[in-house]
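Visitor:
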Amino acid sequence: MALPNYEKLGAFYLGREYDPATRELGPELLYDARDLTTHAVCIGMTGSGKTGLCLTLLEEAAIDGIPAIAIDPKGDIANLALTFPELRGEDFRPWVDPGEAARKWQSLDDFAASTAATWRKGLEEWGQDGDRLRRLRDAAAVTVYTPGSTAGRPLSILRSFAAPDAAVAGDATALKERVGSAVAGLLGLLDIDADPIRSREYILLCALLDAAWRKGESLDLAALIRSVQKPPFEQVGVFDLESFYPAKDRTELALRINALLASPGFEAWLQGDPLDVASMLYDTDGRPRIAIVSIAHLNDAERMFVVTLVANELVAWMRRQPGTTSLRALFYMDEVFGYFPPGAMPPSKTPLLTLMKQARAFGLGVVLATQNPVDLDYKGLGNAGTWFIGRLQTERDKLRVIEGLLGSNAAGGMDKARLEAAMSSLPQRTFLMRNVHDDAPVLLRTRWALSYLRGPLTLAEITRLGAGGAPAPVVARVEAAAPATTSARPVAAAPDRPVVPAGVVEQFLAASGTLVEYEPRLGARVRTHFVDARLGVDQWIDTYYLAPLEERGPAWERAEACARDALEFRDEPAPDSAFAPIPGGVLATPKALQQHAKALVEHVYRTGTLTVLRCPELKAVASPQQTEGEFRAQLAQSLREKRDKAVDDLRRKYATRLATLADRQRRAEQKVAREQSQASHETLSSALSVGGSLLGALFGGGRRASALGKAATAARGVGRIGKERTDVAHAEADLASVREQYVALEAELEGEVSRLESTGDPAALQLETVAVKPRKSDITVADLALVWQPA
Ligand SMILES: Nc1ncnc2c1ncn2[C@@H]1O[C@H](COP(=O)(O)OP(=O)(O)O)[C@@H](O)[C@H]1O
Ligand SMILES: [Mg+2]
289 MALPNYEKLG
299 AFYLGREYDP
309 ATRELGPELL
319 YDARDLTTHA
329 VCIGMTGSGK
339 TGLCLTLLEE
349 AAIDGIPAIA
359 IDPKGDIANL
369 ALTFPELRGE
379 DFRPWVDPGE
389 AARKWQSLDD
399 FAASTAATWR
409 KGLEEWGQDG
419 DRLRRLRDAA
429 AVTVYTPGST
439 AGRPLSILRS
449 FAAPDAAVAG
459 DATALKERVG
469 SAVAGLLGLL
479 DIDADPIRSR
489 EYILLCALLD
499 AAWRKGESLD
509 LAALIRSVQK
519 PPFEQVGVFD
529 LESFYPAKDR
539 TELALRINAL
549 LASPGFEAWL
559 QGDPLDVASM
569 LYDTDGRPRI
579 AIVSIAHLND
589 AERMFVVTLV
599 ANELVAWMRR
609 QPGTTSLRAL
619 FYMDEVFGYF
629 PPGAMPPSKT
639 PLLTLMKQAR
649 AFGLGVVLAT
659 QNPVDLDYKG
669 LGNAGTWFIG
679 RLQTERDKLR
689 VIEGLLGSNA
699 AGGMDKARLE
709 AAMSSLPQRT
719 FLMRNVHDDA
729 PVLLRTRWAL
739 SYLRGPLTLA
749 EITRLGAGGA
759 PAPVVARVEA
769 AAPATTSARP
779 VAAAPDRPVV
789 PAGVVEQFLA
799 ASGTLVEYEP
809 RLGARVRTHF
819 VDARLGVDQW
829 IDTYYLAPLE
839 ERGPAWERAE
849 ACARDALEFR
859 DEPAPDSAFA
869 PIPGGVLATP
879 KALQQHAKAL
889 VEHVYRTGTL
899 TVLRCPELKA
909 VASPQQTEGE
919 FRAQLAQSLR
929 EKRDKAVDDL
939 RRKYATRLAT
949 LADRQRRAEQ
959 KVAREQSQAS
969 HETLSSALSV
979 GGSLLGALFG
989 GGRRASALGK
999 AATAARGVGR
1009 IGKERTDVAH
1019 AEADLASVRE
1029 QYVALEAELE
1039 GEVSRLESTG
1049 DPAALQLETV
1059 AVKPRKSDIT
1069 VADLALVWQP
1079 A
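Taking this note's numbering, I'd label the letters of the sequence shown as residues 289 to 1079.
1. Look at the Cβ atom of residue 413, then the Cβ atom of residue 736, and state whether they are nearer than 8 Å.
2. State the CB to CB distance for the pair residue 655 and residue 687, rounded to an integer number of angstroms; the pair is presumed to be in contact (CB under 8 Å).
3. By the 10 Å Cβ neighbour count, where 16 or more other Cβ atoms means buried, how is residue 904 classified, buried or exposed?
4. Quick one: using the 10 Å Cβ neighbour count with 16 as the cut-off for buried, is residue 958 buried or exposed?
5. Residue 1080 to residue 891, Cα distance in whole Å?
6. Helix, strand or coil for residue 1087? Go by DSSP, reduced to three states.
7. Do residue 422 and residue 433 count as a contact pair if the criterion is CB distance below 8 Å?
8. Leaving aside the five residues before and after residue 811 along the sequence, list all residues of the same chain whose C-beta is less than 6 Å from its C-beta, in chain order.
9. With a 10 Å radius around its C-beta and 16 neighbouring C-beta atoms as the bar for buried, classify residue 485 as buried or exposed.
10. Output yes or no for whether 8 Å exceeds the beta carbon distance between residue 516 and residue 545.
11. From residue 695 to residue 349, what does the alpha carbon distance come to, in whole angstroms?
12. Which residues, in chain order, sit with a beta-carbon under 6 Å away from any heavy atom of ligand 2?
13. Just to check, is the beta-carbon of residue 736 closer than 7 Å to a non-hydrogen atom of ligand 1?
14. What's the call for residue 777, buried or exposed, on a 16-neighbour Cβ count within 10 Å?
15. Are the CB atoms of residue 462 and residue 456 within a distance shorter than 8 Å?
16. So residue 719 is in the beta strand (DSSP E); what residue range does that whole segment cover?
17. At the level of alpha carbons, what is the spacing between residue 1008 and residue 955?
18. Nearest CA to the CA of residue 640: which residue from 596, 705, 632 and 666?
19. Just to confirm, does residue 706 get its C-beta within under 7 Å of one of the non-hydrogen atoms of ligand 1?
20. Hey, would you say residue 473 sits closer than 8 Å to residue 606, going by beta carbons?
21. Starting from residue 685, trace the alpha helix (DSSP H) both ways and give me its first and last residue.
22. Strictly by DSSP, which residues pair up with residue 619?
23. Would you report the Cα separation of residue 738 and residue 574, rounded to the nearest angstrom?
24. Does residue 1063 come out as helix, strand or coil in the three-state DSSP assignment?
25. Tell me whether residue 387, by its Cβ, gets closer than 7 Å to a heavy atom of ligand 1.
26. Once the 5 residues before and after residue 392 are set aside, which same chain residues still bring their CB inside 8 Å of it?
27. Under 7 Å: does the beta carbon of residue 426 sit that close to some heavy atom of ligand 1?
28. Output the boundary residues of the alpha helix (DSSP H) element that contains residue 322.
29. Using alpha carbons as the reference points, say which of 713, 594 and 519 lies closest to residue 308.
30. Please determine if the region 783 to 797 and the region 1053 to 1061 are in contact, where contact requires at least 3 C-beta pairs separated by less than 8 Å.
31. Within the region 552 to 614, note down every full beta strand (DSSP E) run reaching 3 residues or more, in order along the chain.
32. Leaving out five residues before and five after residue 351 in sequence, what residues of the same chain have Cβ atoms less than 7 Å from its Cβ?
33. Take residue 367 and list the residues in its own chain whose beta-carbon comes closer than 6 Å to its own, dropping the five residues that flank it on each side.
34. I want to know whether the region 553 to 563 touches the region 332 to 344 - three or more CB-CB distances under 8 Å.
35. What do you reckon, are the CB atoms on residue 371 and residue 384 nearer than 8 Å?
36. Do the region 474 to 483 and the region 600 to 616 make contact, defined as three or more Cβ pairs closer than 8 Å?
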């Protein structure tokens, strides 16, 4: 069977419709990728085929260039890495279960060969082949992360205590959420039960993180320990710090965090790739990835910690994305029970709720699956747009799901009896799919998975995957902090420290150790406006300049230029330091300073250029913070938006024409039949069969129902219209002509679709670099200061 080219249309091939009465499979079920932006929930008993379905979703997404982050509590999502386009026994052999082979009295070779044959046959039955597998493999690399373990690719959690970026820090609710869940996660690891209202630990740690992050400062665990002992504030809410949480008790908390930090095995948490959503979703060339975060090897508290962190990072990442109506990325969590319960607020729930509520606008689709319908917050899922409900174990489970569904947005038009009937005795891999974007629910039999569904992989097997060609892990060492004992000692003024005129700000760059020799520099922040209307560039850039001082003034032409954040400033010099002299007169008067600032403007105007990446085809310009990969990922998203819009247009255009044709076909068929057997009142054959064709792809899922539903209604009216005589030949000719037109319509669509496809390949986009000059009137200098730099 020739497969329609769904990929061109942003439609996900999930399986076929299933008719419970005849137990037969109907047309292909094509799911509009965009519907996933309103999230999906998948519920069914163990073995009902949830993981198979969700992996299928991820496969389809990857083929369409959409990346995903998946949390894997059992190890079976890592099956996505088991894709063998050649479908040979030897490909499967390292991964088949030897125990199962033994139970079947088969040698490993034989068992692998028969497994490969099963997969080949399964794929064939579902219209798929090695080519599609290859497409999947080429589309996205699969990486399995193992936080807290170096068995797979470790994932460093340090970042979670790093100051969030401006998008989060500037939003009070977002900051509060992020502080709260970082702290809750940490307390979970420390095995401290944290009640957000009453727990001293919770309140103190939140206040510490909040204070640091507001200033844009990061706290690693060592720094956190120090600030627990010596917080930078004396009040907590209305209470005096000492009476709220006395120093002695705080030391106890500090020791506890320290013990965690120093415990064997904890180092693994600090190694590896940073938990950075952007680089988990896209490789450096901007190609999509499937990032699987395995938590099967962790204990409950650690799992909660990781789920919370990942969800938090997703929230932060999401807020940095521009709005979109197309699907941008997926977040999938299997076995979500315990993380999204009703009536309780474990740390994971806050960010998950935020995702359910807000991710849509940013094109991030959330897919949650569970086998336990009772332990699920249906209110929180109220917005979910697609429900996949598989076989359920007990009546109680069924009732709970029905209640949940009826209380959600998705209920539209369904009643309890209908749901109960639809959900009764669902076979394996069969789901009641309720998509709010479709007219009616359908029964879905999931297609055969491209990936070899081996079942849970062990840590050792994950190591063997070597997923994504893991580079040598980066080790970020953190020394366990020595409890702070000394209070700051007053610094003796250095005898050679030059006296600086009033009005000149003095700063000191951080030095390692004491006995520092400082040299004078002039530093300033410069805001520059780079504009080029023709190229579409309009950017403000902040740069910090640090120039050596000479007799004639600051040598701006030899200045270091960097981001101000890259430098660490202190208000006081390191103890016991020496100072080089300031060349005479350079800083003598405020007027002199003004001249130096002017010279800097001149310098920036003469030498400043902004090199930006640009995509002429889409008339898009990368922002200065963007890497080429990030820019390419963004371009891919705008291409996807364009394609999705084009598909909408196609749908609109063809819906009417198809409905008209279907109408005429029915009329012609009726006439033929009437002529042939006058007495027959039987309902005649159905409207045009469009399943499995390109038109089918265009009208996938419930949309087909609505497009053709219109045609059918029209046809019913026709049946009652006049009884004028027409002869058989005439009627048959009419029918043939309708069929011809149908073929022509398909050919025309084929043309449109390939035109669409040829303009839609993100990898084929050409990028260029262009240089832009600053606008002189828009160069401003601020924070001019005498900066002492360690020699
Ligand atoms: N789409 C599929 N293609 C091929 N086999 C499948 C598919 N879905 C499920 N299976 C088979 O059924 C078994 C159970 O399905 P699974 O998705 O793991 O169930 P659940 O996650 O609901 O417990 C899998 O191990 C696999 O052998
Ligand atoms: Mg499962």
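Ideal placement from N, C-alpha and C gives every residue a C-beta, glycine not left out.
Remember, predicted model here, so these are calculated numbers, not experimental data.
Guide: Taking the geometry as given:
1. Position 125 of the sequence shown holds residue 413. Position 448 of the sequence shown holds residue 736. Yes.
2. In the sequence shown, residue 655 corresponds to position 367, counting from 1. In the sequence shown, residue 687 corresponds to position 399, counting from 1. No, residue 655 and residue 687 are not in contact; Cβ-Cβ is about 24 Å, not under 8 Å.
3. Taking the first residue of the sequence shown as position 1, residue 904 is located at position 616. Classification of residue 904: exposed, given that the 10 Å Cβ count is below 16.
4. Sequence index remark: in the sequence shown, residue 958 carries index 670 (1-based). The residue is buried, with at least 16 neighbouring Cβ atoms inside 10 Å.
5. It is not possible to answer for residue 1080, since the shown part of the chain is limited to 289 through 1079.
6. In the structure as shown, the chain begins at 289 and stops at 1079. Residue 1087 is therefore absent and cannot be evaluated.
7. Position 145 of the sequence shown, counting from 1, holds the residue named residue 433. Position 134 of the sequence shown, counting from 1, holds the residue named residue 422. No. Outside cutoff.
8. Taking the sequence shown and counting its residues from 1, one reaches residue 811 at position 523. Contacts found: 834, 1073 and 1075.
9. For this step, residue 485 is matched to residue 197 along the sequence shown. So residue 485 ends up on the exposed side.
10. Counting from 1 along the sequence shown, the entry for residue 516 is found at position 228. Counting from 1 along the sequence shown, the entry for residue 545 is found at position 257. Yes, Cβ-Cβ distance for residue 516 and residue 545 is below 8 Å.
11. Stepping through the sequence shown from its first residue, residue 695 is reached at position 407. Stepping through the sequence shown from its first residue, residue 349 is reached at position 61. Residue 695 and residue 349: Cα-Cα distance of roughly 29 Å.
12. 338, 339 and 622
13. Within the sequence shown, residue 736 is the residue found at index 448, counting from 1. At least one heavy atom of ligand 1 is nearer than 7 Å to the Cβ of residue 736, so yes.
14. Position 489 of the sequence shown, counted from the start, is the residue given in the question as residue 777. Reliability fails at residue 777, whose pLDDT of 34 lies under 50, so the model's placement of it is uncertain and no value is given.
15. Working through the sequence shown from its first residue, we reach residue 456 at position 168. Working through the sequence shown from its first residue, we reach residue 462 at position 174. The answer is yes: Cβ separation under 8 Å.
16. Indexing the sequence shown from 1 puts residue 719 at position 431. Residues 718 to 723.
17. Position 720 of the sequence shown, counting from 1, holds the residue named residue 1008. Position 667 of the sequence shown, counting from 1, holds the residue named residue 955. Because the pLDDT of residue 1008 is 35, which lies under 50, any placement of that residue in the model is unreliable, and the question is left without a value.
18. As a first step, residue 640 must be located in the sequence shown, where it is residue number 352. Of the listed residues, the one whose Cα sits closest to residue 640 is 596.
19. Looking up residue 706 in the sequence shown gives position 418. Residue 706 Cβ: outside cutoff for every heavy atom of ligand 1.
20. Indexing the sequence shown from 1 puts residue 473 at position 185. Indexing the sequence shown from 1 puts residue 606 at position 318. Not in contact: residue 473 and residue 606 (Cβ atoms no closer than 8 Å).
21. The residue you call residue 685 lines up with position 397 of the sequence shown. Element bounds for residue 685: 683 to 694.
22. Your numbering for residue 619 matches position 331 in the sequence shown. The partner list for residue 619 (beta bridge, DSSP) reads 357 and 654.
23. Taking the first residue of the sequence shown as 1, we reach residue 738 at position 450. Taking the first residue of the sequence shown as 1, we reach residue 574 at position 286. For residue 738 and residue 574, the distance between alpha carbons rounds to 24 Å.
24. As a working mapping, residue 1063 is identified with position 775 in the sequence shown. Three-state DSSP puts residue 1063 in coil, outside helix and strand.
25. Counting from one through the sequence shown, the residue named residue 387 turns up at place 99. It does not: the Cβ of residue 387 is nowhere closer than 7 Å to a heavy atom of ligand 1.
26. The count along the sequence shown starts at 1 and reaches residue 392 at position 104. Taken in chain order, the residues that qualify are 399.
27. Position 138 of the sequence shown, counted from the start, is the residue given in the question as residue 426. For ligand 1, not one heavy atom lies less than 7 Å from the Cβ of residue 426.
28. Counted from its first residue, the sequence shown places residue 322 at position 34. Unbroken run through residue 322: none, as it is neither H nor E.
29. Numbered from its first residue, the sequence shown carries residue 308 at position 20. When each option's Cα is compared against that of residue 308, the closest is 713.
30. no
31. 577 to 582
32. The residue given as residue 351 occupies position 63 in the sequence shown. Once the five neighbours on either side are set aside, the close Cβ partners of residue 351 are 295, 423, 424 and 427.
33. If you number the sequence shown from 1, residue 367 lands on position 79. For residue 367, where only same-chain residues beyond five positions count, the Cβ hits under 6 Å are 739, 741 and 742.
34. no
35. On the sequence shown, residue 371 is found 83 positions in, with the first residue counted as 1. On the sequence shown, residue 384 is found 96 positions in, with the first residue counted as 1. It is not a contact, given that the beta carbons lie outside the stated cut-off.
36. no
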